[in-house]
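Here's the structure, in structure tokens; my notes come after.
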């Protein structure tokens, strides 16, 4: 949708709920350099959500929505889980897929958008939990990567099925005991970032969401690479504080502890050669733009 | 012809779809009242009468008219506002005309604010809260209107009118088809014409609507 169409009929402006008025007046649609720093000063694309207090997933959601480079022309594909409770509150087009089907839906969607809107940028971003990405939906996830589908897959990795009470998932760490996995995980955590790299993803990152600037960087990179080159994959640690026995204030520390160099969410990045080239070009352009803006500012001050 | 009639509820928790009970949609130039096909002119008169009889006559504009996404939508918005203003002028001080938007179709968790909006997945909340006894849907996509009209018929005794831009709605108690700016303005004319000639319902039932 073009930004010009996001306009309330003047006759109805006053009766629209305030969040819609805010979205039109103060959201960051169409803003080129949008990012996490807009949080607090602009209207966020996420309304009050129903996730638990202190849930790291809600932080991740806010950073991601603030960082999408082109939200008015982005379609997000979600799957069953805590995220599906949030999507009704998100002001970005989104589709709820059957559990595990998200990458298959996104493949068809991306192709259809390319045919329907030739020459226009349309981004597709899959956002699903670890159960949908790695267990039930692994087939669809991998096949989309094998086919080099041009969209981003984001996995909110909380290392278990949180929404249904704590069952074991493929991304759970070995030995972990959960409420509904009392024996403890007997196998290693699936190494999906490595699998993604081998399956043809051009940009792969494994990290936590403790640092908003980092989340912004990887989201923008992943979307740009997917747009131009091929599939990208982000595995973001969003611990379920309830299921791992933490309280609402401990989510951030849990992520910080898990991203230490020897831990399972130590920052890990893989970029293919064509992706490296693309990202270098984008960085050079941004640098040029910043230099020009600086010069302009200096000229104005002089 | 089906003997089934689409009447104000509460009918059942899950009322049958009127189409499955043999109610058919009107042809161009026609409308339906309670499932009986009538000339469109008769539908205007009855819709205006129902509006003027109601204690809380309400218009629910949907996304197709709430957003000025093309010229036609913008014109319809003006016409709907005109209809609302006309209603406000024509009702007695005991009545309260309302204009409540349906800005979104997605179910909102944990809840909507029934004072300011209606949601097709639980329209009964807004009807109950505001004691709405007659409402008109306009600018709502057909599949969402169908869902909503059926829920309203199931759980409330509100009289429903559909000003549909397509082929009409069996599940409304009164339905127009091919809605246009002209048709909305014509309904406003009928409301003005019947002003003062209709008695307001006195009884308000528990489900928020008058009988």
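Protein chains in written order, with the numbering used here: chain A, 612 to 913; chain B, 66 to 276. For glycine and all other residues, C-beta sits at the position ideal for the given N, C-alpha and C.
1. If you measure beta-carbon to beta-carbon, which residues of the segment 656-670 of chain A are closer than 7 Å to chain B?
2. In three-state terms, what does DSSP make of residue 647 (chain A)?
3. I need the DSSP call for residue 213 (chain B), collapsed to helix, strand or coil.
4. Provide the residue span of the beta strand (DSSP E) that contains residue 69 (chain B), from first to last.
5. What residues from the segment 695-720 of chain A come within 8 Å of chain B, judged by C-beta to C-beta, listed N to C?
6. Is it the case that the segment 214-224 of chain B contacts the segment 242-253 of chain B, given that we only count it when at least three CB pairs across the two stretches are under 8 Å?
7. My output table needs one value for residue 739 (chain A): the three-state DSSP class, helix, strand or coil.
8. Could you tell me whether any Cβ in chain A is nearer than 9 Å to the Cβ of residue 173 (chain B)?
9. Cutting at 6 Å between CB atoms, please list the residues of its own chain near residue 816 (chain A), excluding the five before and the five after it.
10. Would you verify that the beta carbon of residue 623 (chain A) is, or is not, closer than 9 Å to some beta carbon of chain B?
11. Exposed or buried, residue 66 (chain B), counting other C-beta atoms within 10 Å across all chains shown (16 or more means buried)?
12. Alpha carbon to alpha carbon, how far is residue 219 (chain B) from residue 76 (chain B)? Give it in angstroms, no decimals.
13. List the endpoints of the continuous alpha helix (DSSP H) containing residue 836 (chain A).
14. Report yes or no: do three or more beta-carbon pairs, one from the segment 705-715 of chain A and one from the segment 654-673 of chain A, lie closer than 8 Å?
15. Establish whether the CB of residue 252 (chain B) and some CB of chain A are separated by less than 9 Å.
16. Give the interface partners of residue 143 (chain B) over in chain A, defined as CB-CB distance under 7 Å, in chain order.
17. In the structure shown, what three-state DSSP assignment does residue 248 (chain B) receive?
18. If contact is defined by three or more beta carbon pairs under 8 Å, each pair taking one atom from either stretch, is the segment 825-843 of chain A in contact with the segment 744-753 of chain A?
19. Helix, strand or coil for residue 632 (chain A)? Go by DSSP, reduced to three states.
20. Say the cut is 8 Å; is the CB of residue 198 (chain B) nearer than that to a heavy atom of the ligand COA?
21. For a quick check, are the C-beta atoms of residue 127 (chain B) and residue 202 (chain B) less than 9 Å apart?
22. Please state whether the Cβ-Cβ distance between residue 256 (chain B) and residue 152 (chain B) is less than 9 Å.
23. If you follow the beta strand (DSSP E) that residue 201 (chain B) is in, where does it begin and where does it stop?
24. Check each residue of the segment 178-196 of chain B: if its Cβ is closer than 9 Å to any Cβ of chain A, include it; give the result in chain order.
25. Are there three or more Cβ pairs, one per stretch, closer than 8 Å when the segment 778-791 of chain A is compared with the segment 861-873 of chain A?
26. Compile a chain-ordered list of the residues in the segment 145-165 of chain B whose CB is closer than 8 Å to at least one CB of chain A.
27. Quick check on this structure: which residue in A:638, A:821 and A:910 has the alpha carbon closest to the alpha carbon of residue 867 (chain A)?
28. Just reading off the alpha helix (DSSP H) that residue 124 (chain B) is part of, what are its end residues?
29. When Cβ atoms are compared, which residues of the segment 876-887 of chain A fall closer than 8 Å to chain B?
30. Of the choices A:772, A:742, A:812 and A:729, whose alpha-carbon is the least far from that of residue 756 (chain A)?
31. Run through the DSSP bridge pairs and tell me what residue 704 (chain A) is partnered with.
32. Tell me, which residues are paired with residue 102 (chain B) by DSSP?
33. What does residue 244 (chain B) touch in chain A if you count any residue whose Cβ is under 8 Å from its own?
34. Need the endpoints of the alpha helix (DSSP H) that residue 866 (chain A) sits in, please.
35. Using a Cβ-Cβ cutoff of less than 8 Å, which residues in the same chain neighbour residue 123 (chain B) once the five nearest sequence positions on both sides are dropped?
36. Taking a cut of 7 Å between CB atoms, which residues from the segment 115-129 of chain B lie near chain A?
Per the coordinate set shown:
1. From the segment 656-670 of chain A, only 661 have a Cβ closer than 7 Å to chain B.
2. helix
3. helix
4. Premise fails: residue 69 (chain B) is in no beta strand (DSSP E) and is neither H nor E.
5. 696, 698, 699 and 700
6. With the cut-off at 8 Å, the segment 242-253 of chain B and the segment 214-224 of chain B do not touch.
7. In this structure, DSSP gives residue 739 (chain A) an extended state, which the three-state scheme calls strand.
8. yes
9. 829, 845 and 880
10. Closer than 9 Å: yes.
11. exposed
12. 5 Å
13. Note, residue 836 (chain A): alpha helix (DSSP H), 823-839.
14. With the rule of 3 Cβ pairs closer than 8 Å, the segment 705-715 of chain A does not count as touching the segment 654-673 of chain A.
15. no
16. 622
17. helix
18. By the C-beta criterion, the segment 744-753 of chain A is judged not to be in contact with the segment 825-843 of chain A, since fewer than 3 inter-stretch pairs fall below 8 Å.
19. helix
20. This structure lacks the ligand COA; in fact it carries no ligand of any kind.
21. Contact check for residue 127 (chain B) against residue 202 (chain B) passes: the beta carbons are separated by less than 9 Å.
22. Contact: yes.
23. Per DSSP, residue 201 (chain B) belongs to the beta strand (DSSP E) from 199-203.
24. Listed by position along the chain: 178, 181 and 182.
25. no
26. For the segment 145-165 of chain B, the beta-carbon criterion of a distance under 8 Å to any beta-carbon of chain A is satisfied by 145, 146, 164 and 165.
27. A:821
28. Segment 122-126 is the beta strand (DSSP E) holding residue 124 (chain B); no alpha helix (DSSP H) there.
29. none
30. Closest option to residue 756 (chain A), Cα to Cα, is A:812.
31. A:686
32. Under DSSP, residue 102 (chain B) takes part in a beta bridge, and its partners are B:97.
33. By Cβ distance, chain A contributes nothing, its closest Cβ being about 15 Å from residue 244 (chain B), past 8 Å.
34. Secondary structure note for residue 866 (chain A): its alpha helix (DSSP H) is the uninterrupted segment 862-869.
35. Excluding sequence neighbours, residue 123 (chain B) sits near 162, 163, 164, 165, 195, 197, 199, 200 and 201.
36. Listed in sequence order: 126.
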